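Engineer: Got a structure for you, questions after.
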Amino acid sequence: MAQVKKERKSKQEQDLIPLKYQHIAAVFAIFISLIIFFHDVVFDGKVFVSGDTIAGQSFKTLLDDAEKEGVAPLWNPYIFCGMPGVASMSMSGSRSYDITAFVYGKIYSTIGMMLNKEIGYEMFFYFVFGCGMYWFAYSKLQSKTIALIVALGTLYSMFIIIWIMVGHVTKIAVMAFFPYIFLGVEKLREKFDLKIAVLLTVCVHFFSQPSHVQMIFYTYFALGIYYLFFLIRSIIKKENWQGVIRSAAIFAVASILAFAMNADQYFSTLEYSKYSIRGASPIQNQQANATNQGKVKEESNGGLDYEYATNWSFSPGEALTFIVPSLYGFGQFDYQGPLTQNQKVRLNTYFGQQTFTDAPQYMGIVILAFAIFGFVRNRKDPFVQFLGIVTIIALLISFGREFSLIYDVMFYYFPMFNKFRIPSMILVLVQIFVPLLAGYGLVSIVADGTKNLSITTLNRWKFAAAGLGALLILSFAAKSMFASIYESFFPQQEVMKALSRSYGNLQPAVQTEFYKVITDMVTNDIAIAFFVLTVVAGAVYLFLSRTIKFSSFFTILVCAVMFDLWRIDFKPMETHNPQQVQQENFVVPEYVKFLQQDTTVYRTLEFVNGQPPYSNKLAYWKIQSAYGYQGVKMRAYQDIVENVGMGNPLMWGLMNVKYIISNTRDSNSIMMPVYQGNENIIYYNRAELPRAFFVNRYETASGLEILQKIKAMSFNPRDVAYGMENPNIKIDSVKVGAEIQYTKFDLMNLELHAKATGNNLLFLSEAYYPEGWKAFIDGNETPIYRLNYLFRGLVVPVGEHTIAMKFEPRGFYLGKQLSLWINILLLAGIGYFGVMYFVKAKNKNLES
1260 MAQVKKERKS KQEQDLIPLK YQHIAAVFAI FISLIIFFHD VVFDGKVFVS GDTIAGQSFK
1320 TLLDDAEKEG VAPLWNPYIF CGMPGVASMS MSGSRSYDIT AFVYGKIYST IGMMLNKEIG
1380 YEMFFYFVFG CGMYWFAYSK LQSKTIALIV ALGTLYSMFI IIWIMVGHVT KIAVMAFFPY
1440 IFLGVEKLRE KFDLKIAVLL TVCVHFFSQP SHVQMIFYTY FALGIYYLFF LIRSIIKKEN
1500 WQGVIRSAAI FAVASILAFA MNADQYFSTL EYSKYSIRGA SPIQNQQANA TNQGKVKEES
1560 NGGLDYEYAT NWSFSPGEAL TFIVPSLYGF GQFDYQGPLT QNQKVRLNTY FGQQTFTDAP
1620 QYMGIVILAF AIFGFVRNRK DPFVQFLGIV TIIALLISFG REFSLIYDVM FYYFPMFNKF
1680 RIPSMILVLV QIFVPLLAGY GLVSIVADGT KNLSITTLNR WKFAAAGLGA LLILSFAAKS
1740 MFASIYESFF PQQEVMKALS RSYGNLQPAV QTEFYKVITD MVTNDIAIAF FVLTVVAGAV
1800 YLFLSRTIKF SSFFTILVCA VMFDLWRIDF KPMETHNPQQ VQQENFVVPE YVKFLQQDTT
1860 VYRTLEFVNG QPPYSNKLAY WKIQSAYGYQ GVKMRAYQDI VENVGMGNPL MWGLMNVKYI
1920 ISNTRDSNSI MMPVYQGNEN IIYYNRAELP RAFFVNRYET ASGLEILQKI KAMSFNPRDV
1980 AYGMENPNIK IDSVKVGAEI QYTKFDLMNL ELHAKATGNN LLFLSEAYYP EGWKAFIDGN
2040 ETPIYRLNYL FRGLVVPVGE HTIAMKFEPR GFYLGKQLSL WINILLLAGI GYFGVMYFVK
2100 AKNKNLES
C-alpha cells in the first residue's frame, strides 16, 4: 500500500515537470524567485543602506591600509581610543592560509559580482540557504514540490529575508549552512559515511567562518536538543542508540576541525572575551561580588548586564504577530498619506515591548496553519516531535524578561548564554522549523489525495473553506467592527504613549491619524489572512475531492504562500542608488576637511543633540574618535560610559580629545569654536592633553574609585596617574627637559622618542589591552601598566630612548598556523576521495 501511494505521489508530481528535471527545476525556481524579489538590486544596481551597513563600510579605509601593509586588521585605532579588530569580530582581512574558505570566498564574491557588485554576494548566501532548505526538506519529506514550498517559505520568512536589508550580513552567511549541517548529522545517524563526514566538516567550517557567535550558538543549542532527544528516545524505545552517539561524535570532531580552521579568529576572540562587555561584568557587579564574596546574584562568570541583554525581548502578546503582522504596529515601511501631505516617507509604527524593530516576526499565515496541521497529523513522528520541542523552547526563551521563566535559567546557569543580547534572535529557529512542520502538513494532505476519503473528511475541508469565506466577507463588510475590537485591546492613548519614545508628544489630530494608519493595517491584515486561508482551504478541498489536479493545487499553494509572505517582505525594503549613498555618506564634508588640516595625533568626540552618536564614519577619513559603534566594546570603556559619562572634560583630556564636533552651540568656556559649518560646529578643547606625557607620581586605587575621581575631576592627570595594582616601582618627579614625541603611528605599531629626567612614568592615551600589545625601550621589552582605568603606561629610565609598541596577539598567530595545517589535512582527504572516485569509475568502465 505504501509503495502504491508513493507511486501515485510521483505521478502527481510529474504533472508539472519530468522526474529527472525536478531537482534542477526547484533550484532554478529558488534562484528566479530571488532575482524577482531583488529586481532593483540585480537590474538597477541598487543597494540596501542601514546604520550597520554604514558602520561597516566606514572601516573600508582601514581594511585597505591593512591590505597594503600586508597585515590583518588586528587593531582598530579609530574608535573607543583603540580596540581589537579581528578579536572583536568586527572585521577580517585576507585569510589566504585558510585555503578552503579562501576558495569559497572567491566563488561567492565572483558570482555575487554578477548579480550586484556591492551586495550580490549576500544574495548568494540566500541562494545557498534556500537550496539547503530544499534538500533538507526533501530528505525528510521525499516530495520535491513540497520541499520547494518549504524552502520558499523559510527563505522569505520576514526575519530571515530582512537581514540583507538591515545589514546583518553575517547572520545569513552563517545560517546558509544550517540545513546542510542538519542534513549531514541526520545522514550520519542513519549510517556512517566518511564522505558525508568530510563534507560536514567543510559545511561547519563555512558556517563558523563569518563568526556570528550568537547564530552559531543557537544552531549548536538546537543540535544539542536534537541529540539529547533522540538518545533518550532510542534508549526508551530500545532502538539503535549507537547511531545517535556516532553522529554526535563525528559532528564533534567535525566541529573541532572546522573551528581549528578558523582558529586565528576564535583564539583571538577567546583572548578578548574576558576584556569585553560580553565576557566581563560591569565594575559595580565585580565590586559587589568581591565585597559580598559571591552572595549576591550576579553574572559571576562575566557577561552582559541583564537589563542590557534583554532590551529586545519578544513577548507573549507579540507572538500574535505570527498571525496578524501589524498587530503591534509595523517596523520600517513607506507611508504616503495625510500625515505627510501625501509625500512618501519612511515610517515606523511599532509600539511593542522591544526597544524598536524593523519588521514583525511574520512567517506567513498559510505556513503557520499547515505547520499546526502538520504537527497534529504527524505528532508521533520523532523528528516532528523534535521540531515541536525546539520551536516551543525557542519561543519561550525569546520572551526574555517579558516572560522570564525559561530565559532566566538560561541566562544565569547555561554556559555562554549571558554573553548574548536580543532574546528575540533565537526565533530564527522558529522561522526555520515552522516551515518544515508545514511541509509535514502538506505531505499529509497529498497522502490523503491518494486515498478514497470519506464524505465526512471532505466536508470538513469544504466547511472550513466556507467558514473562512464567510469571515472574509465579514472582514470587509464589518471592517469597523474589527477596528473597534482592536481598539478595545490597544487603545489610542496607550499606543501613542508607546510611540512617543520615537516621535515625542504629537498633536492630537496627528495622533488620531497615526493611530488610524495602524488600525487600517491591522484590519487589512485580518482580511488578507482570511482571503489566503479561504483560497488554500478551498484548494485543499478541490484537490482531495479530485476536482483539480496536483499541478493546479501546487500552483495555488505557491502563489498563496508567496503572496502572503512577499506582501509583508516588501514593506521594509528600501533600496538606494550606490552613488547617492557614497555621496551622502562618504564624500568628504567641509568640517572633515578642516580636521584633516591638523596632521598631529589627536582624537575627536562628536555630539548630536548633546549625545555621542553611534557612528564610525570619521574612521573612513582616518580621523580617530573617542567614541564609535560596536556591539562588543571593551568592558573598561563601557564602565567609563556608565560611571563617568562622555561629557566629562577630564575624560576628554585623558582620551586626547582635541576637537569637539557638535550640531548645537555650547557656551562651555572649555570649548572654543574654531569652525562653523552648515550642520556642525567644531570646538577646540582647551583642556586638551597630549597623546603621551610624563606624570609625576603613581597611586593605587580600586577601579570604581578611579572612575569616581575622574567623574569628580578631582586630580591633575599631569601630576598623578592611578592604577589598580602596586607595581613596586620607583617613580621620579618630572623635571625640566623631559620630552616625549610620536615618531610613528601605524595600525599595529607605535614609535616614540623620549627624553626622561629620571625614572619617569609615561602616560599614553591608548586603550590598555594586554593580550598582544608589547612595549620595547631601545629594543628591550618592558612592562605595560594600566593607568587611569582605561589607558597604558610605561616607566622610562633616565636619558633619551626609542620606545616602540607592537600589537602581536599570540592567539592570532598560533591560530593562523593551525588553520593552515588543518586545511591541508582536509584538502588531502577531499583529494583522496576524488582520486578513489575516478579510479572506481575507470575500473567500472574497463569491466564493462
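For the sequence shown, my numbering begins at 1260 and goes up steadily by one.
Every residue, glycine too, gets a C-beta built ideally from N, C-alpha and C.
The model shown is predicted, which means the values in this text are computed figures rather than measured ones.
Residue 2071 and residue 1333 look like a contact to me (Cβ under 8 Å); what is the Cβ gap, rounded to whole Å?
Structural biologist: Going by Cβ atoms, the distance from residue 2071 to residue 1333 rounds to 6 Å, so yes, they are a contact pair.
Engineer: I'd like the span of the alpha helix (DSSP H) that includes residue 1876, first residue to last.
Structural biologist: From DSSP, the alpha helix (DSSP H) with residue 1876 extends over 1876-1879.
Engineer: Mark residue 1904 as exposed unless 16 or more other C-beta atoms lie within 10 angstroms of its C-beta, in which case mark it buried.
Structural biologist: Answer is exposed; the Cβ neighbour count stays below 16.
Engineer: Take residue 1421 and list the residues in its own chain whose beta-carbon comes closer than 7 Å to its own, dropping the five residues that flank it on each side.
Structural biologist: Here the set comprises 1617, 1618 and 1831.
Engineer: Should residue 1343 go down as buried or exposed, given a rule of 16 or more other Cβ atoms within 10 Å for buried?
Structural biologist: By the 10 Å Cβ count, residue 1343 comes out buried.
Engineer: So residue 1824 and residue 1418 are in contact, right, with Cβ under 8 Å, and what is the actual spacing, rounded?
Structural biologist: That belief does not hold up - the Cβ atoms of residue 1824 and residue 1418 are roughly 12 Å apart, past 8 Å.
Engineer: Taking buried to mean at least 16 other C-beta atoms within 10 Å of its own C-beta, is residue 1894 buried or exposed?
Structural biologist: By the 10 Å Cβ count, residue 1894 comes out buried.
Engineer: Nearest CA to the CA of residue 1564: which residue from 1677, 1624 and 1798?
Structural biologist: Selected option, being the one with the closest Cα: 1677.
Engineer: Does the contact criterion of 3 or more C-beta pairs under 8 Å hold for the stretch 1519-1538 versus the stretch 2063-2078?
Structural biologist: The stretch 1519-1538, when compared against the stretch 2063-2078, does touch it at the 8 Å Cβ threshold.
Engineer: For the beta strand (DSSP E) that contains residue 2008, what are its first and last residues?
Structural biologist: Segment 2008-2015, the beta strand (DSSP E) holding residue 2008.
Engineer: When you compare only the Cα positions, how much space is there between residue 1575 and residue 1628?
Structural biologist: For residue 1575 and residue 1628, the distance between alpha carbons rounds to 19 Å.
Engineer: I need the straight-line Cα distance from residue 2052 to residue 1665, nearest angstrom please.
Structural biologist: Roughly 45 Å between the two C-alpha positions.
Engineer: What separation, rounded to the nearest whole angstrom, lies between the Cα atoms of residue 2006 and residue 1878?
Structural biologist: Answer to the nearest angstrom: the Cα atoms are 12 Å apart.
Engineer: Express the C-alpha separation of residue 1521 and residue 1358 in angstroms, rounding to a whole number.
Structural biologist: Straight-line Cα distance between these residues: approximately 11 Å.
Engineer: Secondary structure at residue 2089, three-state DSSP: helix, strand or coil?
Structural biologist: DSSP places residue 2089 in helix when its eight states are reduced to three.
Engineer: Tell me which same chain residues have a C-beta within less than 7 Å of the C-beta of residue 1276, skipping the five on either side of it?
Structural biologist: Hits under 7 Å: 1284.
Engineer: Could you pull out every residue in the same chain whose Cβ sits closer than 8 Å to the Cβ of residue 1295, ignoring the five residues on either side in sequence?
Structural biologist: Once the five neighbours on either side are set aside, residue 1295 has no close Cβ partner at all.
Engineer: If contacts are defined as beta-carbon pairs under 8 Å, then residue 1441 and residue 1395 qualify, I think. What distance do you get, rounded to the angstrom?
Structural biologist: The Cβ separation is near 6 Å, so the contact holds.
Engineer: Keeping to the same chain, check which residues put their C-beta closer than 7 Å to that of residue 1601; ignore five residues upstream and five downstream.
Structural biologist: Cβ neighbours of residue 1601 beyond the five flanking positions: 1595.
Engineer: Per the contact definition of three or more C-beta pairs closer than 8 Å, is the stretch 1577-1588 in contact with the stretch 1532-1539?
Structural biologist: These segments do not touch.
Engineer: Excluding the five sequence neighbours on either side, which residues of its own chain have a C-beta within less than 8 Å of the C-beta of residue 1556, listed in chain order?
Structural biologist: The pLDDT assigned to residue 1556 is 42, lower than 50, so where the model puts this residue is not dependable, and the model offers no usable value.
Engineer: Considering only their Cβ atoms, is the gap separating residue 1983 from residue 1907 smaller than 8 Å?
Structural biologist: Cβ atoms of residue 1907 and residue 1983: not closer than 8 Å.
Engineer: Based on Cα-Cα distance, which residue from 2008, 2013 and 1963 lies nearest to residue 2032?
Structural biologist: Per the Cα distances, 2008.
Engineer: Which first and last residues belong to the alpha helix (DSSP H) in which residue 1838 is found?
Structural biologist: Start and end: 1837-1844.
Engineer: Starting from the Cα of residue 1860, find the closest Cα among 1715, 1891, 1947 and 1936 and give me that residue.
Structural biologist: Answer by Cα proximity: 1947.
Engineer: With a CB to CB cut of under 8 Å and the five nearest residues on each side skipped, what residues in its chain are close to residue 1554?
Structural biologist: Low confidence applies here, because residue 1554 scores a pLDDT of 40, under 50, leaving its location unreliable; read the following figure in that light. If we look at residue 1554 and ignore the five residues flanking it on each side, it has no Cβ neighbours.
Engineer: So what does DSSP say about residue 1905, is it helix, strand or coil?
Structural biologist: Three-state result, residue 1905: coil.
Engineer: Report the rounded CA-to-CA distance for residue 1692 versus residue 1626, giving the unit in angstroms.
Structural biologist: Between residue 1692 and residue 1626, the C-alpha separation is close to 11 Å.
Engineer: Leaving aside the five residues before and after residue 1424 along the sequence, list all residues of the same chain whose C-beta is less than 8 Å from its C-beta, in chain order.
Structural biologist: Cβ within range, chain order: 1307, 1309, 1617, 1831, 1832 and 1833.
Engineer: Using alpha carbons as the reference points, say which of 1835, 1922 and 1953 lies closest to residue 1980.
Structural biologist: The shortest Cα separation from residue 1980 among 1835, 1922 and 1953 belongs to 1953.
Engineer: Is the beta carbon of residue 2062 closer than 8 Å to that of residue 1997?
Structural biologist: No, the Cβ-Cβ distance between residue 1997 and residue 2062 is not below 8 Å.
Engineer: How far does the beta strand (DSSP E) with residue 2040 in it reach, from first residue to last?
Structural biologist: 2039-2041 is the span of the beta strand (DSSP E), which, as asked, contains residue 2040.
Engineer: Within the same chain, show all residues whose beta-carbon is closer than 7 Å to that of residue 1720, passing over the 5 residues directly before and after it, in chain order.
Structural biologist: Only 1796, 1799, 1800 and 1803 meet the Cβ criterion.
Engineer: Quick one: what's got a C-beta closer than 8 Å to residue 1922's C-beta in the same chain, skipping five residues either side?
Structural biologist: Excluding sequence neighbours, residue 1922 sits near 1866, 1867, 1868, 1938, 1939 and 1940.
Engineer: From this set, 1728, 1853, 1826 and 1827, which residue's C-alpha is nearest residue 1227's C-alpha?
Structural biologist: The requested residue 1227 is not part of the displayed model; the chain covers only 1260 to 2107.
Engineer: Can you name the residues that DSSP bridges to residue 1592?
Structural biologist: Note: residue 1592 sits in a beta bridge opposite 1606.
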